[in-house]
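Enquirer: Quick note, our numbering runs 186 ahead of the 1-based positions in the sequence shown.
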Amino acid sequence: MKILSIETSCDDTAITIMKTKGCIKNASFKILAHVANSQIAIHISYGGVFPMLAKREHIKNLPILLEQVLEEANLNKKKFSKSRAFLNSQSQALNPGIDLIAVTYGPGLEPSLWSGIVFAKELAEKWNIPLIPVNHMEGHIVSVFGKSKGNFTIPKIEFPLLSLLVSGGHTELVLSKNFLEYKIIGQTLDDAAGEAYDKVARMMDLPYPGGPEISKLAEELRGKENEKPILSGSLSGVATPALPLGSSACETPIKNCFSFSLPRPMLHSKNFDFSFSGLKTAVLYLIRNLKKENPNILQDEKVKQAIALEFENAVVETLIYKTLKAKEKYKIKTIIVAGGVSCNEHLQKEMKRILKKEVTLLFPEKKLTGDNSIMIGMAGYLQFIKNKKKVPKISSIKANGNLRLK
Numbered sequence: 187m188k189i190l191s192i193e194t195s196c197d198d199t200a201i202t203i204m205k206t207k208g209c210i211k212n213a214s215f216k217i218l219a220h221v222a223n224s225q226i227a228i229h230i231s232y233g234g235v236f237p238m239l240a241k242r243e244h245i246k247n248l249p250i251l252l253e254q255v256l257e258e259a260n261l262n263k264k265k266f267s268k269s270r271a272f273l274n275s276q277s278q279a280l281n282p283g284i285d286l287i288a289v290t291y292g293p294g295l296e297p298s299l300w301s302g303i304v305f306a307k308e309l310a311e312k313w314n315i316p317l318i319p320v321n322h323m324e325g326h327i328v329s330v331f332g333k334s335k336g337n338f339t340i341p342k343i344e345f346p347l348l349s350l351l352v353s354g355g356h357t358e359l360v361l362s363k364n365f366l367e368y369k370i371i372g373q374t375l376d377d378a379a380g381e382a383y384d385k386v387a388r389m390m391d392l393p394y395p396g397g398p399e400i401s402k403l404a405e406e407l408r409g410k411e412n413e414k415p416i417l418s419g420s421l422s423g424v425a426t427p428a429l430p431l432g433s434s435a436c437e438t439p440i441k442n443c444f445s446f447s448l449p450r451p452m453l454h455s456k457n458f459d460f461s462f463s464g465l466k467t468a469v470l471y472l473i474r475n476l477k478k479e480n481p482n483i484l485q486d487e488k489v490k491q492a493i494a495l496e497f498e499n500a501v502v503e504t505l506i507y508k509t510l511k512a513k514e515k516y517k518i519k520t521i522i523v524a525g526g527v528s529c530n531e532h533l534q535k536e537m538k539r540i541l542k543k544e545v546t547l548l549f550p551e552k553k554l555t556g557d558n559s560i561m562i563g564m565a566g567y568l569q570f571i572k573n574k575k576k577v578p579k580i581s582s583i584k585a586n587g588n589l590r591l592k
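Below, the structure written as structure tokens:
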């Protein structure tokens, strides 16, 4: 069957057409076409995504991208107008051969989600085909099995499976004892890891999006100093920070060349939850104190590198340590790391160094780490098969900005 999938959860508009077949455990996919539009340039002046502006851009871009994706897939037998006039036609008169539509319905920015949902509903009703709502976070989980082009198949998976989902809006540890079954065992209590990256970047006067800018600065300094590995040794089978742990729940300093350290939040808590708000505040106070000594301190590239390095080490150490604790408790055999922050080179390097001999470790292809419609099409098809091709009424599908995995 041919699936058209739509992603508009934040500031990326994306549409994919893929050909699918098979059952859940051996489902195969072929990407026929994929188009996307990024709004980063539009939101730069705001230092982040402005929801209503994002919605406006989605509404403008969706008809244009639909025409492009149909052309690329050689399905656009009739020249659709970019003005949405094609939606006024009779039900199946203009259906170019699509069998199912999948659309993100949450979590995310609700104005953005609604733009995709409304567009998907119009298409499904005019083409008289089923519409399946997709959880964006489930999309990130299955993204590790996908490719940005060509053919791919769902591989054999060993369970229990643990997913570390790290993005601008979420930081979660999700346990799966079977395919497409989820239990959130840990989550951020405040800021997500990616959100903390962006906020710290603004404190350092770095351009939006801030995550890549911080990582770039950290990488420039990393390797120039004799820094110990983030995690080494073991404690009841769980890797522990290389330097001695203090009694505080957030003190595991890794010294850098400027002799300051940042907290590792909730590192010793008994649960698997995260908290990055305190780390963000610690950076704020650090910069404030440095500026008292020198108001122009952030013009020194080495100082910015040192702050970026220590901040990134704190985030990565916390993510890995919590993941390792969960791995030991639940006897995990496969670990997935997905979401926008999963493309972080330091996170990937340390995860592979520590875990490659212990579990099957999976990351998405770099092009699939961020929000994309390929993962939405994959998740949509798998849920369609799981639910024996039953879908909700089109009128019942609504955006849910706080949607959770279950």
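Beta carbons are placed, not taken as given, at the ideal position from N, Cα and C, and that holds for glycine.
Taking I560 and L554 to be in contact with their CB atoms under 8 Å, please state how far apart those CB atoms are, rounded to whole angstroms.
Expert: Indeed they touch by this definition, with Cβ atoms about 6 Å apart.
Enquirer: DSSP on P319, reduced to helix/strand/coil?
Expert: Strand, per DSSP.
Enquirer: Less than 7 Å between the C-beta atoms of A310 and I287, yes or no?
Expert: In contact: A310 and I287 (Cβ atoms closer than 7 Å).
Enquirer: Give me the Cα-Cα distance between L375 and D459, rounded to the nearest whole angstrom.
Expert: Taking the straight line from one Cα to the other gives about 7 Å.
Enquirer: Report buried or exposed for E296, applying the criterion of at least 16 other Cβ atoms within 10 angstroms of its Cβ.
Expert: Buried, by the Cβ-count rule.
Enquirer: Identify whether L429 lies in helix, strand or coil by the three-state DSSP scheme.
Expert: Unreliable placement is indicated for L429, whose pLDDT of 30 sits below 50; no coordinate value is reported for it.
Enquirer: Whose C-beta lies closer than 6 Å to the C-beta of G325 among residues of the same chain, with five residues either side of it excluded?
Expert: Result list for G325: M561, I562, A565, in chain order.
Enquirer: Distance check for R450 and K538, CA to CA, integer angstroms please.
Expert: Going from the Cα of K538 to the Cα of R450 covers about 21 Å.
Enquirer: Compare the Cα-Cα distances from D285 to each of N586, T339, K575 and report the closest residue.
Expert: Comparing Cα positions, the closest option is K575.
Enquirer: Answer yes if the region 496-516 comes into contact with the region 375-392, meaning at least three C-beta pairs across the two stretches below 8 Å, and no otherwise.
Expert: As far as the Cβ criterion goes, the region 375-392 touches the region 496-516, which means the pair count is three or higher.
Enquirer: Indicate whether L453 and Y507 have their beta-carbon atoms separated by less than 7 Å.
Expert: Yes; because the gap between Cβ atoms is below 7 Å, this pair is in contact.
Enquirer: Below 8 Å, how does it come out for the region 213-224 and the region 341-352: are there three or more Cβ pairs, yes or no?
Expert: Too few Cβ pairs lie closer than 8 Å, so no.
Enquirer: Use the C-beta contact count for I189: other C-beta atoms within 10 angstroms, 16 or more gives buried, fewer gives exposed.
Expert: Burial call: buried.
Enquirer: Quick check: what's the CA-CA separation for K592 versus L361?
Expert: Those two C-alpha atoms are separated by around 10 Å.
Enquirer: Hey, how far is the Cα of L429 from the Cα of F446?
Expert: Any reading at L429 is ruled out, since the residue's pLDDT is 30, under 50, leaving its predicted position unreliable.
Enquirer: Could you tell me the boundaries of the beta strand (DSSP E) in which T374 lies?
Expert: Neither: T374 is in no beta strand (DSSP E) and is coded neither H nor E.
Enquirer: Grab the span of the alpha helix (DSSP H) containing G302 for me, first residue to last.
Expert: Unbroken alpha helix (DSSP H) run through G302: 296-313.
Enquirer: So is the beta-carbon of L286 under 6 Å away from any non-hydrogen atom of the ligand NAP?
Expert: The ligand content of the structure shown is nil, which means the ligand NAP is not present either.
Enquirer: With a cut-off of 8 Å on the beta carbons, I'd call V235 and C196 a contact; round off their distance for me.
Expert: Contact flag correct, Cβ pair sits at about 6 Å.
Enquirer: Just tell me which of T509, M390, L472, N558 has its CA closest to the CA of G525.
Expert: Among T509, M390, L472, N558, the Cα nearest to that of G525 is on N558.
Enquirer: Which of the three DSSP states is assigned to L361 in this structure?
Expert: L361: strand per DSSP, three-state reduction.
Enquirer: Can you pull the DSSP bridge partners for E193?
Expert: E193 pairs with A200.
Enquirer: Use the C-beta contact count for E399: other C-beta atoms within 10 angstroms, 16 or more gives buried, fewer gives exposed.
Expert: By the 10 Å Cβ count, E399 comes out buried.
Enquirer: State yes or no: is the C-beta of N337 within less than 7 Å of the C-beta of K216?
Expert: For N337 and K216, yes; Cβs fall inside 7 Å.
Enquirer: Go ahead and label E243 buried or exposed: buried means 16 or more other beta carbons lie within 10 angstroms of its beta carbon, across all protein chains shown.
Expert: E243 is buried by the Cβ-count criterion.
Enquirer: Name the residue from I245, L348, L495, K552 whose alpha carbon lies nearest to the alpha carbon of G409.
Expert: Among I245, L348, L495, K552, the Cα nearest to that of G409 belongs to L495.
Enquirer: Which residue from P237, K205, L510 puts its Cα closest to that of G332?
Expert: Of the listed residues, the one whose Cα sits closest to G332 is K205.
Enquirer: How far does the alpha helix (DSSP H) with T467 in it reach, from first residue to last?
Expert: Run containing T467: 463-479, per the alpha helix (DSSP H) assignment.
Enquirer: Reducing DSSP to helix, strand and coil, say where V523 ends up.
Expert: In this structure, V523 counts as strand in the three-state DSSP scheme.
Enquirer: Suppose you measure from the CA of L218 to the CA of E257; what does that come to, to the nearest Å?
Expert: Their backbone Cα atoms lie some 10 Å apart in a straight line.
Enquirer: Does the Cβ of I230 have 16 or more other Cβ atoms within 10 Å, making it buried, or fewer, making it exposed?
Expert: With fewer than 16 Cβ atoms within 10 Å of its Cβ, I230 is classed as exposed.
Enquirer: Leaving out the 5 sequence neighbours to the left and right, which residues in its chain are closer than 7 Å to I580 when beta-carbon positions are compared?
Expert: Correct list, in chain order: K307, A310, E311, L317.
Enquirer: Helix, strand or coil for K342 per DSSP?
Expert: Coil.
Enquirer: Mind checking P293: buried by the 16 CB within 10 Å criterion, or exposed?
Expert: Per the 10 Å Cβ criterion, buried.
Enquirer: Quick check on the burial criterion: 16 or more other C-beta atoms within 10 angstroms. Buried or exposed for K511?
Expert: Burial call: buried.
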